[in-house]
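Structure first, then comments.
2 protein chains.
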Amino acid sequence: MTDPLRLGIAGLGTVGAGVVKIIRQKSVLLAERTGRPITISAVCARNRDRDRGVPLGDYAWEDDAVALAKRDDVDVFVELMGGSDGPAKAATEAALAMGKDVVTANKALLAHHGTALALQAEAAGSVLRFEAAVAGGIPVIKALTEGLAGNEITRVMGVMNGSCNYILTRMENAGLTYQEAFAEADGLGYLEADPELDVGGIDAGHKLSLLASIAFGTQVAFSAVELEGIGKVSIDDIRQAADMGYKIKLLGVCRMTGRGLEQRMSPCLVPQTSPLGQLDGGTNMVMIEGDQVGQIVMRGAGAGEGPTASAVLGDLMDIARGTRLSTFGQPASSLKSVTAARVATPAPYYVRMALVDKPGALAKVATALGEAGISINRMRQYDHTNEAAPVLIVTHKTTRAALDQAIEAMAPTGVVAADPVVLRIEAV
Amino acid sequence: MTDPLRLGIAGLGTVGAGVVKIIRQKSVLLAERTGRPITISAVCARNRDRDRGVPLGDYAWEDDAVALAKRDDVDVFVELMGGSDGPAKAATEAALAMGKDVVTANKALLAHHGTALALQAEAAGSVLRFEAAVAGGIPVIKALTEGLAGNEITRVMGVMNGSCNYILTRMENAGLTYQEAFAEADGLGYLEADPELDVGGIDAGHKLSLLASIAFGTQVAFSAVELEGIGKVSIDDIRQAADMGYKIKLLGVCRMTGRGLEQRMSPCLVPQTSPLGQLDGGTNMVMIEGDQVGQIVMRGAGAGEGPTASAVLGDLMDIARGTRLSTFGQPASSLKSVTAARVATPAPYYVRMALVDKPGALAKVATALGEAGISINRMRQYDHTNEAAPVLIVTHKTTRAALDQAIEAMAPTGVVAADPVVLRIEAV
Chain A
52 MTDPLRLGIA GLGTVGAGVV KIIRQKSVLL AERTGRPITI SAVCARNRDR DRGVPLGDYA
112 WEDDAVALAK RDDVDVFVEL MGGSDGPAKA ATEAALAMGK DVVTANKALL AHHGTALALQ
172 AEAAGSVLRF EAAVAGGIPV IKALTEGLAG NEITRVMGVM NGSCNYILTR MENAGLTYQE
232 AFAEADGLGY LEADPELDVG GIDAGHKLSL LASIAFGTQV AFSAVELEGI GKVSIDDIRQ
292 AADMGYKIKL LGVCRMTGRG LEQRMSPCLV PQTSPLGQLD GGTNMVMIEG DQVGQIVMRG
352 AGAGEGPTAS AVLGDLMDIA RGTRLSTFGQ PASSLKSVTA ARVATPAPYY VRMALVDKPG
412 ALAKVATALG EAGISINRMR QYDHTNEAAP VLIVTHKTTR AALDQAIEAM APTGVVAADP
472 VVLRIEAV
Chain B
52 MTDPLRLGIA GLGTVGAGVV KIIRQKSVLL AERTGRPITI SAVCARNRDR DRGVPLGDYA
112 WEDDAVALAK RDDVDVFVEL MGGSDGPAKA ATEAALAMGK DVVTANKALL AHHGTALALQ
172 AEAAGSVLRF EAAVAGGIPV IKALTEGLAG NEITRVMGVM NGSCNYILTR MENAGLTYQE
232 AFAEADGLGY LEADPELDVG GIDAGHKLSL LASIAFGTQV AFSAVELEGI GKVSIDDIRQ
292 AADMGYKIKL LGVCRMTGRG LEQRMSPCLV PQTSPLGQLD GGTNMVMIEG DQVGQIVMRG
352 AGAGEGPTAS AVLGDLMDIA RGTRLSTFGQ PASSLKSVTA ARVATPAPYY VRMALVDKPG
412 ALAKVATALG EAGISINRMR QYDHTNEAAP VLIVTHKTTR AALDQAIEAM APTGVVAADP
472 VVLRIEAV
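Here the protein sequences line up with chains A and B, keeping their order. Following my numbering, the numbering of the first sequence begins with 52 at its first residue and continues without gaps. Following my numbering, the numbering of the second sequence begins with 52 at its first residue and continues without gaps.
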């Protein structure tokens, strides 16, 4: 295995340029570790003339990613273009059809077409890997697929969108409104061209669906992820959750239940003192829980040139070393189809409401909760100057359905001044 | 690759029994993930009659580990006996000599003979893996060898002995003396038969030397680890470090410097609010820093049946899947010999001393520090009722040699009542 491993790299944005730089600058180190040189045969991007801070003259240029993927001098097609369909998908399929290996950072592509692409790779005897698609530089796909493969996985959860965590952290630390923190993150270039991918939880939901597939041996089921973004999180909730000892995080959780696969990406409360609660700014954290190993926590940069390129290199070096793994940790043909759990596992909930200031108001709320079978763990009513009193309730374990029922029962009483905010408290 | 992977397991203590249990109970899951059955051909331990909570009647019994390692029906020799020499070494060598693969949890064996065994494995075309030897269930060997292989590693550090961390945590949280916390840990069975392996930092030093070899492509050099145990850490230091915003941890640090390889395992101060500072009890944490990825933090159980068996299974499943890796991440023959850095990288230090209560005492201390080129960051003198005043000093970055020089210069002044305590403050 001393023949060079020859790459064709499609997409020369931040990550693509980062991968080219490492391969140019660290060729001796990489060859020492893998036993063979890793070289670049050809590259491809939308604009040939843009200066990417790295010389590209040594490599053949292709305008078309499919043509790049099909080149005879390309052993591994490195897909760093992005997009769930279009050229990224066409070129990945073309590479696999020719029996080439593929390394991608494209979570959207795999969330939508992961099972089909894994099946195609398997039929062709090709390897399709995607460490860079989830949690940036954290080698979490490897940990889950390989290092913890002896475990029955019980739950995987994490903060996997640094931009959302940055916005929530800035709201908390600087007292910004959601709109102000959003504008700041946008100005710093932290948000996707379509920011709904970030703040709507879609990007993080893509990642969660990939982790769930490996963890539970199921087909990728992004459409079954229960998605809720951070757009409705208010500074009031952040402050009042803090007052109760919690932080609000856009948290992804997946677990296999007797009712089917549960996949949720939504703003949740976690204890301030937990590792997740202490995760500030753009950092990512993934927690994997297995029946043997207990809880493993991994933390690191979730985006950026260096961290993402590091993850791409990890996959490429595996291939250079001759490691051949199934895309989702077991033969794609053996991945089970998903039954989505319609009801999330019971949990405590945080409820914030504004009560009109008249005798018996709190009693009506408490009655509605009690009749829905919900018991109260902690309750606080705050001092107020206008006609509505802020009330916070932390419930014991219950379901979202029971809460919705209670809230519906409160409406006719006329004591609730605005739509209550309901957030799940995830045990971490 | 549908032939079973046949194991011979030597050592049926907690970990060995745990591995047997998983292989018996999870055979379908393991085969689904690896594509082939993993079976046990034979086992070996000191006492055949002991009840280990798992049926062993299906497996051939060997009294001698070397005989087990040589059996024709054993593909992988699983060494869970422990000990840096004796039967563990003899049987590992016998297995490698016959071209068999070896998975071990034995940090002492590899710390002392790792380079030689890796060379032997390489010559035989065998795989020798040891995920379970470092940080229990945390898949840190895999992360460093594979996931982060595209990085030039700049520093690896961590808390890798749960027993020491338990003792330090109990001293802090329950106000126990070192002797009391030690006795408690011993009573709970947390300490090795020779407790100096734990509290002397030797066990953690073994682990650090293995991480350093992978990180820097060097031969394993345990004898070059600068070792200091926790036996001298007093409750006063824990309290006064806390007063300055720090916690005391038995911290391993390795980095490559212009002066050679630095490997230290010693009690250090880390900020209370850092991930390491928040690591309580028996949990382990390893931080890997790379030029591309930045800092990756991994946390999990560092010992115990399930976590350690999980790590052994990770290695076995790699082998079942056909993954063939060099023991220390590159050909053993290419590992560089180590020049040990004689002087640690400069850092701030914590100094606790007792000053005799007479005019000019502090001036003499300050003068001695100044003349050794050491500048003071923070200083506190505490109220006192006896004749000696407790004084805490946090220096700016300096070297241990400069501090030793300053302390030597203080002696003749007669103002220092007892040997000062000096602890390094590690930037995390």
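Built from N, CA and C at the ideal position, the CB exists for glycine as well.
Coil, strand or helix - residue i by DSSP
i       : result
A186(A) : coil
V337(A) : strand
L58(B)  : strand
N428(B) : strand
G104(A) : coil
D152(A) : strand
S45(A)  : Outside the shown range of chain A, which is 52 to 479, sits residue 45(A), and nothing can be said about it.
G226(B) : coil
E173(B) : helix
T308(A) : strand
G421(B) : helix
A392(A) : coil
I265(B) : helix
Alpha-carbon spacing of residue i relative to residue j, whole angstroms
i       : j       : result
A101(A) : I370(A) : Sequence inspection shows Arg at residue 101(A); the Ala mentioned does not correspond to that position. Answer to the nearest angstrom: the Cα atoms are 30 Å apart.
A225(B) : D470(B) : 26 Å
A118(B) : V250(B) : 35 Å
G256(A) : D245(A) : 15 Å
S260(A) : V129(A) : 22 Å
L278(B) : S377(B) : 28 Å
A468(A) : T418(A) : 17 Å
G64(A)  : A120(B) : 52 Å
E459(A) : R350(B) : 43 Å
Y433(A) : D408(A) : 12 Å
R451(A) : A423(A) : 11 Å
Y399(A) : S388(A) : One detail in the question is off: residue 399(A) reads as Pro in this sequence, not Tyr. Spanning the two alpha carbons is a distance of roughly 30 Å.
A116(A) : V153(A) : 13 Å
When the options are compared against residue i, the one with the closest alpha-carbon
i       : options                               : result
P326(A) : P318(A), M336(A), D124(A) and F267(A) : M336(A)
C319(B) : R87(B), E313(B) and Y297(B)           : Y297(B)
A334(B) : M316(B), G353(B), S317(B) and Q346(B) : Rather than Ala, the amino acid found at residue 334(B) in this sequence is Thr. Checking every option, the nearest Cα to that of T334(B) belongs to G353(B).
G59(B)  : G104(B), L80(B), A142(B) and P106(B)  : A142(B)
L367(A) : T90(A), Q76(A), A234(A) and G62(A)    : T90(A)
G86(A)  : S384(B), G421(B), R475(B) and A93(B)  : S384(B)
D288(A) : G332(A), T220(A), G351(A) and T436(A) : T220(A)
Y355(A) : D114(A), R57(A), D115(A) and A156(A)  : The question names Tyr, yet the displayed sequence has Gly at residue 355(A). G355(A) has its Cα closest to that of A156(A), out of D114(A), R57(A), D115(A) and A156(A).
G108(B) : C95(B), D115(B), A116(B) and A120(B)  : C95(B)
D294(A) : L56(A), Y401(A) and E459(A)           : Y401(A)
V284(A) : Q323(A), F233(A) and F273(A)          : F233(A)
L474(A) : Q291(A), S135(A), E83(A) and G411(A)  : Q291(A)
V71(A)  : G201(B), E438(B) and L413(B)          : G201(B)
Y217(B) : E459(B), R429(B), A405(B) and I281(B) : I281(B)
E113(B) : G373(B), A82(B), G62(B) and G104(B)   : G62(B)
A162(B) : P190(B), T464(B), T269(B) and S317(B) : T269(B)
Own chain, CB closer than 8 Å to residue i, minus 5 neighbours either side, in chain order
i       : result
G150(A) : A175, G176 and S177
T396(B) : R306, T308 and E313
Nonlocal neighbours in the same chain, by C-beta distance under 7 Å from residue i, ignoring five residues either side
i       : result
I73(B)  : A360 and L364
K140(B) : L160 and H164
R57(A)  : T90, S92, D124, V125 and D126
Q346(A) : M338 and E340
A111(B) : S92 and A93
Contacts around residue i, its chain only, beta-carbon distance under 6 Å, and the 5 residues preceding and following it disregarded
i       : result
L262(B) : V207
L227(B) : R221
I265(B) : L195, T196, F379 and G380
L242(B) : S214, A236 and D249
M404(B) : V442, V467 and P471
Quiz item: What residues from the stretch 206-237 of chain B come within 8 Å of chain A, judged by C-beta to C-beta, listed N to C?
Solution: If you check each beta-carbon in the stretch 206-237 of chain B against every beta-carbon of chain A, none falls closer than 8 Å.
Exercise. Pull out every residue of the stretch 375-397 of chain B whose Cβ sits closer than 9 Å to any Cβ of chain A, in chain order.
Key: Residues are counted here when their Cβ sits less than 9 Å from a Cβ of chain A; for the stretch 375-397 of chain B these are R375, L376, S377, G380, Q381, P382 and S385, given in chain order.
Practice problem: Select from the stretch 341-358 of chain B all residues with a C-beta closer than 9 Å to any C-beta belonging to chain A, and list them in chain order. | Solution: Within the stretch 341-358 of chain B, the residues whose Cβ lies closer than 9 Å to any Cβ of chain A are, in chain order, G341, D342, Q343, V344, G345, Q346, I347, V348, M349, R350, G351, A352, G355, E356, G357 and P358.
Quiz item: Can you list, in chain order, the residues of the stretch 69-94 of chain B whose Cβ is nearer than 8 Å to any Cβ on chain A?
Solution: When CB distances to chain A are screened at a threshold of 8 Å, the residues of the stretch 69-94 of chain B falling below it are G69, I73, K77, L80, L81, E83, R84, T85 and G86, in chain order.
Self-check item: chain B contacts from the stretch 185-202 of chain A (Cβ-Cβ distance under 7 Å)
Solution: Listed by position, the residues of the stretch 185-202 of chain A near chain B (Cβ gap below 7 Å) are G188, I189, P190, K193, A194, E197, G198, L199, A200, G201 and N202.
Self-check item: Residues in the stretch 119-147 of chain B having any Cβ partner in chain A nearer than 7 Å
Solution: From the stretch 119-147 of chain B, no residue has a Cβ closer than 7 Å to chain A.
Quiz item: Between the stretch 158-184 of chain A and chain B, which residues of the former have CB atoms less than 8 Å from a CB of the latter, in chain order?
Solution: Within the stretch 158-184 of chain A, the qualifying residues are E182.
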